[in-house]
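Notes for the one structure printed next.
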Amino acid sequence: MANPLTVPSDEPRVLPAQIPTWLQPKILLPLGLAIVAGIALLLWQYAKAEKTRAESNLLLESKPGAATWAQLIRDYPGQPATALAILESAADASAKKDYRQAASLYEKFTRDFSSHPLASAARLAQANQLAASGDRPLAQNLYLRMMSAQPSDPFRTAAAVGLARIQIQENRPEAARQVLNEIVSANTGRSFLPEARSLLDSLPPPPSPTAQPPAK
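Plus 426 on top of the position in the sequence shown (first one is 1) and you've got my numbering.
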């Protein structure tokens with residue numbers, strides 16, 4: 427029996443539950459399809475990447491040589507096997523005294539595989555090949571970039587040696603002496619410090635200061 431003291435208009439009304447908009451079927455169905463499609467695309471891309479990696483590795487292992495290196499560079503960009511193919515091609519070009527081609531390949535390696543553990547070594551090799559080809563200005567610029575890189579390039583000392591050799595060839599022994607003294611004092615890159623010291627010791631003695639006239 428209703429409470430006679432309760433006014434009907436004051437009785438609480440329970441509203442029917444409202445489904446959030448984002449839970450409605452017209453929203454959920456397309457969203458679910460999009461998620462499924464995204465997952466399928468990721469799985470397909472992963473499978474394709476693994477297949478490409480396996481193909482490139484097998485190609486390098488089964489048919490090593492210049493033709494295979496060229497095919498890997500052309501058809502399998504970004505693959506670990508392609509990184510090795512570029513380095514092998516560059517070394518082959520250098521052995522054939524095609525220094526410009528070798529420098530170009532080392533540059534491609536540093537551009538395509540900038541985070542590779544051998545990127546710094548390839549950059550040094552590029553500078554060395556440029557120097558060997560007679561392109562001293564480009565070689566010097568690359569050596570200087572390596573010497574001033576931050577954080578310090580692991581081949582900084584080797585770059586200083588390369589730069590000093592060019593300066594010696596250009597009959598600038600004092601410039602070479604300054605570069606070598608600075609790098610020896612910095613004591614970095616111990617693998618190349620003996621070479622830096624040896625090159626420094628091979629320089630002619632510095633010019634003696636001009637004798638001052640006796641004071642009157």
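From the three backbone atoms N, C-alpha and C, an ideal C-beta is built for every residue, glycine too.
Got a sec, what are the start and stop residues for the alpha helix (DSSP H) residue 502 sits in?
As a working mapping, residue 502 is identified with position 76 in the sequence shown. Note, residue 502: premise wrong, no alpha helix (DSSP H); not H, not E.
Buried or exposed (CB count within 10 angstroms, at least 16 for buried), residue 540:
The sequence position of residue 540 within the sequence shown is 114, counting from 1. Its Cβ having fewer than 16 others within 10 Å, residue 540 is exposed.
Can you grab the Cα-Cα spacing for the pair residue 509 / residue 635, in whole Å?
Locating residue 509 in the sequence shown gives position 83, where the first residue counts as 1. Locating residue 635 in the sequence shown gives position 209, where the first residue counts as 1. When the Cα atoms are used, residue 509 and residue 635 turn out to be separated by approximately 53 Å.
Per DSSP, what kind of secondary structure is residue 629 in: helix, strand or coil?
On the sequence shown, position 203 is the one that residue 629 refers to. Of the three classes helix, strand and coil, the one that applies to residue 629 here is coil, per DSSP.
List the whole-angstrom C-beta distance separating residue 544 from residue 566, where the pair is believed to meet the contact cut-off of C-beta under 8 Å.
Within the sequence shown, residue 544 is the residue found at index 118, counting from 1. Within the sequence shown, residue 566 is the residue found at index 140, counting from 1. Wrong, their Cβ atoms sit about 23 Å apart, outside the cutoff.
Express the C-alpha separation of residue 502 and residue 608 in angstroms, rounding to a whole number.
Translated into the one-based positions of the sequence shown, residue 608 becomes position 182. Translated into the one-based positions of the sequence shown, residue 502 becomes position 76. It is roughly 43 Å from the alpha-carbon of residue 608 to the alpha-carbon of residue 502.
Exposed or buried, which one is residue 505 when buried takes at least 16 other CB atoms within 10 Å?
Taking the first residue of the sequence shown as 1, we reach residue 505 at position 79. Residue 505 should be labelled buried.
Alpha-carbon to alpha-carbon, residue 618 and residue 584:
In the sequence shown, residue 584 corresponds to position 158, counting from 1. In the sequence shown, residue 618 corresponds to position 192, counting from 1. Answer to the nearest angstrom: the Cα atoms are 6 Å apart.
For a test of the three-state rule: what should DSSP assign to residue 544, helix, strand or coil?
Along the sequence shown, read from residue 1 onward, the residue named residue 544 stands at position 118. Coil at residue 544, not helix or strand.
Skipping 5 residues on each side, what residues in its chain have a beta carbon closer than 8 Å to that of residue 482?
Working through the sequence shown from its first residue, we reach residue 482 at position 56. Excluding sequence neighbours, residue 482 sits near 498, 502, 505, 506, 507 and 508.
Tell whether a beta-carbon distance below 7 Å holds between residue 629 and residue 599.
Taking the sequence shown and counting its residues from 1, the one referred to as residue 629 is at position 203. Taking the sequence shown and counting its residues from 1, the one referred to as residue 599 is at position 173. Yes, Cβ-Cβ distance for residue 629 and residue 599 is below 7 Å.
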